[in-house]
Amino acid sequence: MPMFSAPLTGLLLCGAAASTASPTFTKIQIDSVFRSEGVSVADVNHDGKLDILVGDLWYEAPDWKPHAIRKVGHYNGQTGYSDAFYSFAWDINGDGWVDEIVIGLPNTPCYWYENPKGGDGPWKEHLIAEHACNESPWFGDLLGDGKRELIFARQDHHLMQWFEPGPDVTAPWIAHDISLPGGKGTDMYSHGLGVGDVNGDGRLDVLVKDGWYEAPADRRSSPWTFHPCHLGVDCVQMYVYDVLGNGGRDVITSSAHHYGLWWHEQKPDGTFVQHLIDDKVSETHALELADLDGSGVPAIITGKRWFAHNGNGSDPGDHEPAILEYFTMARANGQVTFTKHIIDDDSGVGMNIVVADMFGRGKQDIVISNKKGVFLFKQN
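For the sequence shown, the working numbering begins at 227 and goes up steadily by one.
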């Protein structure tokens with residue numbers, strides 16, 4: 227059954243004094259059981275309310291009643307992982323009902339599950355690809371045509387690829403090579419993948435920590451030209467954003483298994499200079515940019531993926547509090563400063579973070595799923 231915690235007594239602020247406009251959040255624990263480290267939200271049952279999907283289950287708003295999508299696994303976060311590293315929600319077959327894409331451990335198959343249109347589960351399973359690698363797969367509108375595509379690596383041939391459904395959406399999806407065999411970011415456990423317009427040509431490029439693949443005019447042609455550069459250590463989601471507000475195309479990253487959150491300033495010659503934002507929270511294995519306060523400037527949302535390696539000591543600080551935090555940006559005189567806001571210290575993040583208006587109030591809320599359970603942070 228869903229569990230609800232008491233509201234937070236207040237938002238702990240670190241760094242500079244916070245503006246009264248800085249959002250605060252109330253913590254709602256949807257489930258105390260380790261279900262998934264990936265999460266998505268969508269109106270699953272056509273009742274006008276956003277529900278929460280975590281791989282095996284979906285939780286029905288507003289009471290968060292759980293419903294099975296597929297066989298519900300039993301996972302121990304101190305000894306292993308779940309079978310849902312990522313969950314993406316989208317109407318795959320165009321029938322008007324939201325389906326779910328699930329990606330498990332790297333180098334395992336990627337499936338989509340067909341919504342039974344209000345019927346009981348299990349949802350029908352369809353294979354997308356046999357191998358899904360890189361620990362930050364991407365799902366979005368790559369081509370700018372209102373449709374969505376998947377990007378991840380295929381480890382058996384060390385290829386970065388993007389995927390789109392074919393005429394038969396129930397068949398494995400059509401794969402298009404981005405890299406040559408042996409391309410950067412294509413190992414089973416490669417960390418760091420992002421999509422954004424790095425060079426300002428209006429097309430979305432693909433980034434990894436060792437450089438970026440330049441999108442050609444015909445994205446179905448291959449290989450994409452690779453531009454090597456250093457964009458930090460093993461990271462997770464990577465974002466192209468004009469940090470200084472001067473028209474630049476900078477890159478924001480965080481450390482997957484150590485300490486660190488950075489922005490990388492792109493210079494006119496295409497090189498990048500790294501700037502530290504914060505180094506106080508380890509295992510920041512999920513990163514999101516979202517406008518939380520309606521200012522038009524996104525906040526950087528991240529936190530600790532608690533026990534990313536099951537608490538075995540291989541990650542520094544793996545037993546430290548499971549922080550969920552965000553950073554606001556302020557620009558002045560060609561410089562940028564960041565203010566850190568701690569939302570919670572006993573939840574953290576999973577493999578991704580979802581920001582959505584869960585209650586139709588015009589306020590952005592935060593949803594996560596990880597080894598501590600499933601959480602909704604309702605903006606006050």
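A virtual CB, placed ideally from N, CA and C, is assigned to each residue, including glycine.
Residues near TYR316 by beta carbon distance below 6 Å, same chain, minus five either side
By 1-based counting over the sequence shown, the position of residue 316 is 90. The sequence shown places Trp at residue 316, rather than the Tyr named in the question. The answer, listed in chain order, is ARG374.
In or out: GLU356 buried (at least 16 other Cβ within 10 Å) or exposed?
For this step, residue 356 is matched to residue 130 along the sequence shown. With fewer than 16 neighbouring CB atoms inside 10 Å of its own CB, GLU356 falls in the exposed class.
Once you ignore the five residues that flank VAL324 on each side, which residues in its own chain have a CB closer than 7 Å to its CB?
Here residue 324 refers to the residue found at position 98 when the sequence shown is read from its first residue. If we look at VAL324 and ignore the five residues flanking it on each side, its Cβ neighbours are ALA268, ASP269, VAL270, ALA315, TRP316, ASP317, ASN341.
From what residue to what residue does the beta strand (DSSP E) around ASP277 run?
Working through the sequence shown from its first residue, we reach residue 277 at position 51. Boundaries of the beta strand (DSSP E) around ASP277: 277-279.
GLN387 vs ASP403 beta-carbon contact at 8 Å
In the sequence shown, the residue the question calls residue 387 occupies position 161. In the sequence shown, the residue the question calls residue 403 occupies position 177. Yes, the pair counts as a contact, with Cβ atoms nearer than the cut-off.
In DSSP terms, what ILE527 is bridged to:
Looking up residue 527 in the sequence shown gives position 301. Bridge partners of ILE527: GLU514, TYR552.
Which residue wins for smallest C-alpha separation from TYR307, given the options ARG531, GLY586, LEU279, LYS604?
For the purposes of this step, residue 307 is taken as the residue at position 81 of the sequence shown. TYR307 has its Cα closest to that of ARG531, out of ARG531, GLY586, LEU279, LYS604.
Let me know if ARG446 comes out buried or exposed under the rule of 16 or more other beta-carbons within 10 Å of its beta-carbon.
Within the sequence shown, numbered from 1, the residue matching residue 446 stands at position 220. Label assigned to ARG446: exposed.
Hey, quick one: how far does the beta strand (DSSP E) through SER480 stretch, first residue to last?
The sequence position of residue 480 within the sequence shown is 254, counting from 1. Note, SER480: beta strand (DSSP E), 476-480.
Proximity below 8 Å, CB of TYR552 to CB of LEU518
To locate residue 552, count along the sequence shown from 1; it is residue 326. To locate residue 518, count along the sequence shown from 1; it is residue 292. Cβ atoms of TYR552 and LEU518: closer than 8 Å.
Compute the distance between the beta-carbons of CYS461 and ALA482, then report whether it is under 8 Å.
Indexing the sequence shown from 1 puts residue 461 at position 235. Indexing the sequence shown from 1 puts residue 482 at position 256. A contact, by the Cβ cut-off of 8 Å.
For the segment 525-541 against the segment 475-490, are there 3 or more C-beta pairs whose distance is under 8 Å?
Three or more Cβ pairs drawn from the segment 525-541 and the segment 475-490 lie within less than 8 Å of each other, which places the two stretches in contact.
Do SER521 and ASP544 have their C-beta atoms within less than 8 Å of each other?
The count along the sequence shown starts at 1 and reaches residue 521 at position 295. The count along the sequence shown starts at 1 and reaches residue 544 at position 318. With respect to ASP544, SER521 sits apart: the two C-beta atoms are not nearer than 8 Å.
Tell me the DSSP bridge mates of LEU353?
By 1-based counting over the sequence shown, the position of residue 353 is 127. Answer is TYR337.
Alpha carbon of ASP309 to alpha carbon of ASN360, nearest angstrom:
Taking the first residue of the sequence shown as position 1, residue 309 is located at position 83. Taking the first residue of the sequence shown as position 1, residue 360 is located at position 134. Going from the Cα of ASP309 to the Cα of ASN360 covers about 15 Å.
Helix, strand or coil, according to DSSP, for CYS455 in the structure here?
Along the sequence shown, read from residue 1 onward, the residue named residue 455 stands at position 229. Residue state, collapsed to three classes: coil.
Looking at C-beta atoms only, is the number of pairs between the segment 467-481 and the segment 420-432 that lie closer than 8 Å three or more?
In this structure the segment 467-481 lies against the segment 420-432, because at least three pairs of beta carbons, one per stretch, are closer than 8 Å.
Those residues which DSSP pairs with PRO292 across a bridge
Counting from 1 along the sequence shown, the entry for residue 292 is found at position 66. Paired residue(s): TYR285.
Thinking just about the alpha-carbon of each residue, which of GLY274, LEU331, THR250 is nearest to the one in GLU263?
Residue numbering aside, residue 263 sits at position 37 when the sequence shown is read from its first letter. For GLU263, the nearest C-alpha among the options comes from LEU331.
Contact defined as beta carbons within less than 8 Å: I believe LEU550 pairs with ASP570. What is the distance between those atoms, to the nearest angstrom?
The count along the sequence shown starts at 1 and reaches residue 550 at position 324. The count along the sequence shown starts at 1 and reaches residue 570 at position 344. Between ASP570 and LEU550 the Cβ distance is about 5 Å, and since that is below 8 Å, they are a contact.
Distance check for THR497 and LEU430, CA to CA, integer angstroms please.
Sequence index remark: in the sequence shown, residue 430 carries index 204 (1-based). Sequence index remark: in the sequence shown, residue 497 carries index 271 (1-based). About 18 Å.
Give the DSSP-derived three-state secondary structure of LEU470 in the structure shown.
Numbered from its first residue, the sequence shown carries residue 470 at position 244. Annotated three-state conformation of LEU470 is coil, per DSSP.
Closer than 7 Å by C-beta to LEU276: which residues in its own chain qualify, once you throw out the five before and the five after it? Chain order, please.
Position 50 of the sequence shown holds residue 276. Closer than 7 Å at the Cβ level, and outside the excluded window around LEU276, lie VAL267, ALA268, ASP269, ALA287, ALA582, MET584.
Which of helix, strand or coil does DSSP assign to TRP316?
Within the sequence shown, numbered from 1, the residue matching residue 316 stands at position 90. Under the three-state reduction of DSSP, TRP316 is assigned to strand.
Less than 7 Å between C-beta atoms, sequence neighbours within five positions excluded: which residues of the same chain meet that for SER448?
Translated into positions along the sequence shown, residue 448 becomes position 222. Taking SER448 as the centre and dropping the five residues before and after it, the same chain places the C-beta of HIS402, ASP403, ILE404 closer than 7 Å to its C-beta, in chain order.
For VAL265, count neighbouring C-beta atoms within 10 Å of its own C-beta (all shown protein chains included) and say buried if the count is 16 or more, exposed if not.
By 1-based counting over the sequence shown, the position of residue 265 is 39. VAL265 should be labelled buried.
According to DSSP, is PHE251 helix, strand or coil?
Indexing the sequence shown from 1 puts residue 251 at position 25. DSSP places PHE251 in strand when its eight states are reduced to three.
When GLY411, GLU390, GLN500 are compared against GLY372, the one with the closest alpha-carbon
Reading the sequence shown from its first residue, position 146 is the one you call residue 372. That would be GLU390, whose Cα lies nearest to the Cα of GLY372.
Between the alpha carbons of LYS566 and SER248, how many angstroms are there, rounded?
Start at 1 with the first residue of the sequence shown, and residue 566 comes out as number 340. Start at 1 with the first residue of the sequence shown, and residue 248 comes out as number 22. Between LYS566 and SER248, the C-alpha separation is close to 10 Å.
Tell me the rounded alpha-carbon separation between ASN578 and LEU406.
What you label residue 578 is simply residue 352 of the sequence shown in a count that begins at 1. What you label residue 406 is simply residue 180 of the sequence shown in a count that begins at 1. Rounded to whole angstroms, the gap between the alpha carbons of ASN578 and LEU406 is 28 Å.
Should ALA556 go down as buried or exposed, given a rule of 16 or more other Cβ atoms within 10 Å for buried?
The sequence position of residue 556 within the sequence shown is 330, counting from 1. By the 10 Å Cβ count, ALA556 comes out exposed.
Mind checking who LYS604 pairs with in its DSSP beta bridge?
In the sequence shown, counting from the first residue as 1, residue 604 sits at position 378. When DSSP reads this structure, LYS604 sits in a beta bridge with THR252.
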